[in-house]
Amino acid sequence: MKKILFLAALALLASCQKNDDDTSQDEDRKEQNKALQNELTSNKDGWKLTYIAEDGSTGGYQFLMKFGDDGTVTMTSDISSTTTPTATSYSTQEKNGALVLSFIGQNYLHQLADAIKGNAANGLSGKVYQFQYAGKEGNNLKFLNLLKSSKPTLVFEPATANDWSNIDAFVANLNPITKLTDYYYLKVTTATQSVTYYNVSFDSRVLALKDTNIKAPVAATQEGIAFLSPLTIEGKSFTSLTHSGGTVTPTYSATVDGVTASLFFSSISPEFLSSNDYRDINTSIEGFSIMTQHFKNNKFMSKTFYEDVLKVNNSTDLFMLKINFVDAGECEIQIGHIFAGSGFSIIQVNCEYELKNNRLYLKNLDSRLRSSNATAWNDAKNAAVLEKAKRALGAIYSLGVQGYYIKKKDIVIEPLTDNPVYYLQSHEYPLYTFPAWGVPL
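Note that our numbering has the sequence shown beginning at 57, numbered continuously upward.
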């Protein structure tokens with residue numbers, strides 16, 4: 057009996073000790089949770105997070121956050137074209153033995169999933185962003201990103217009033233390159249005035265020079281852009297480029313040891329500006345020709361040109377476009393089409409042409425329509441094709457009034473693989489670009 061009473065007493069004592077331990081652990085967690093909340097709300101200007109993929113595959117995205125005692129977090133960022141602050145909820149809680157900061161509701165952090173491309177975007181589409189608190193380092197707060205399997209470290213730095221006032225300048229410096237990447241080019245001028253132009257890409261805020269291995273991740277600065285790792289060109293390391301020339305299509309440039317790098321906007325590709333390939337007209341070629349089925353998916357065919365000039369409807373395209381150059385500066389603009397029951401027929405207008413200023417100019421349009429089979433073109437069932445053909449003839453002329461730039465490309469397009477291929481762009485309407493076979497003399 058005494059033994060039973062003794063064992064019961066031991067069990068009661070152990071139970072009391074366990075309850076005391078659980079209570080103590082709960083109190084510790086509450087204290088830690090309260091300490092984290094105090095840290096988050098302690099800085100009057102909030103916190104700054106610069107998000108960069110751990111493998112360097114992205115540039116920097118800046119987020120500014122102010123945490124309130126009421127569980128609200130106010131946030132702005134340079135991730136998009138707007139900096140209007142958002143107000144959503146946050147919480148701090150214990151999860152699997154660790155303190156976790158959760159962002160609840162749509163805010164600027166959620167835009168990372170759309171802004172970042174490729175593998176670096178994996179895991180960023182979560183509804184609730186969760187960061188595991190990893191302690192304090194100096195004045196900074198360290199977290200582990202739980203959305204990523206590798207749990208990379210994120211650092212919250214104390215923000216300043218200047219950070220909040222500068223965010224609009226950051227967006228102004230990044231937005232043009234982001235929105236108009238296809239029209240930005242890098243010009244590199246050496247100390248001996250040798251000039252090289254590069255096409256660029258700007259995916260996930262990494263500036264890359266196409267057809268090279270040269271690239272560098274980018275972050276915004278108040279003066280322009282900074283390279284998070286140097287952009288090395290002509291043996292020179294560039295760490296930043298300075299903004300100049302307005303806010304819509306600014307230029308970004310810097311000079312290092314006599315080498316100047318200039319990132320600039322141009323609606324016309326620089327390869328056209330120095331090209332003399334327009335001189336091939338009536339010296340080695342007598343015209344340009346397009347068979348739509350072989351050209352419409354070519355990378356040099358702009359969607360704008362295809363849809364406005366060649367596409368009749370979702371099931372029909374104009375079969376052929378041709379520009380013939382005749383002696384004495386005369387030009388024929390032709391549309392060819394294959395009609396059911398009638399076969400192939402051409403409709404055309406005539407004009408004059410002139411070669412100057414690195415361009416092919418069209419002028420003095422004779423708008424009278426000429427055709428090889430008027431009956432087929434005027435058949436009621438072909439009305440949609442006729443209307444599109446007339447529109448196409450007028451468009452080809454109008455696009456060339458201020459000139460076409462012409463560049464011979466080192467590519468082939470089947471089935472006429474022996475024909476040279478040229479790339480044309482309208483000077484006045486630069487969104488209209490198209491490739492064409494050169495028709496040999």
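Built from N, CA and C at the ideal position, the CB exists for glycine as well.
Going by DSSP, Q349 is part of the alpha helix (DSSP H) stretching over T348 to F351.
Under the three-state reduction of DSSP output, L455 falls in the helix class. Selection Y409, T473, L442 and P491 evaluated against Q458 yields Y409 as nearest (Cα-Cα). Distance check between R426 and each of I389, Y240, D224 and S147 places I389 closest, using alpha-carbon atoms only. With fewer than 16 other Cβ atoms inside 10 Å of its own Cβ, Q249 counts as exposed. In the DSSP assignment, the residues bridged to P496 are I341. Under the criterion of beta carbons closer than 8 angstroms, A492 and I270 do not qualify as touching, at roughly 32 angstroms. Assignment of P491 by DSSP, reduced to helix, strand and coil, places it in the strand class. For S257, the enclosing beta strand (DSSP E) stretches over residues V251 to S257. In the displayed model, N163 falls within coil according to three-state DSSP, outside both helix and strand.
Cβ-Cβ separation between K243 and Y253: approximately 6 angstroms, consistent with a contact (criterion under 8 angstroms). DSSP places I394 in the uninterrupted beta strand (DSSP E) bounded by E386 to F395. With fewer than 16 other Cβ atoms inside 10 Å of its own Cβ, Q162 counts as exposed.
Beyond the five residues adjoining it in sequence on each side, G343 comes within less than 7 angstroms, by CB distance, of K378, I379, N380, F381 and V495 in the same chain, given in chain order.
Taking every protein chain shown into account, the CB of T132 has 16 or more other CB atoms within 10 angstroms, so this residue is buried. With 16 or more other Cβ atoms from the protein chains shown falling within 10 Å of its own Cβ, R261 counts as buried. Nearest neighbour of A91 by Cα position, chosen from E484, T114, S137 and Y189, turns out to be Y189. Counting along the chain, T209 sits inside no alpha helix (DSSP H); it lies in the beta strand (DSSP E) bounded by residues T209 to P214. I289 and F226 have their C-alpha atoms spaced approximately 25 angstroms apart.
The beta-carbon separation of T148 and Q93, rounded to 5 angstroms, stays under the 8 angstroms limit for a contact. In the displayed model, L287 falls within a strand according to three-state DSSP.
Excluding sequence positions up to five before and after S398, its CB lies within less than 7 angstroms of the CB of N429 and A432, all in the same chain and listed in chain order.
Residues of the same chain with a CB within less than 6 angstroms of the CB of V315, apart from the 5 flanking positions on each side, are T246, E290 and K292 in chain order. From the listed residues Q167, A154, V156 and K151, the smallest Cα separation to T142 is found for Q167.
Shown here for S136: same chain residues with a beta carbon closer than 7 angstroms to its own, the five before and five after excluded, namely Q167 in chain order. The residue among D224, I223, T130 and G115 with its C-alpha nearest the C-alpha of I172 is G115.
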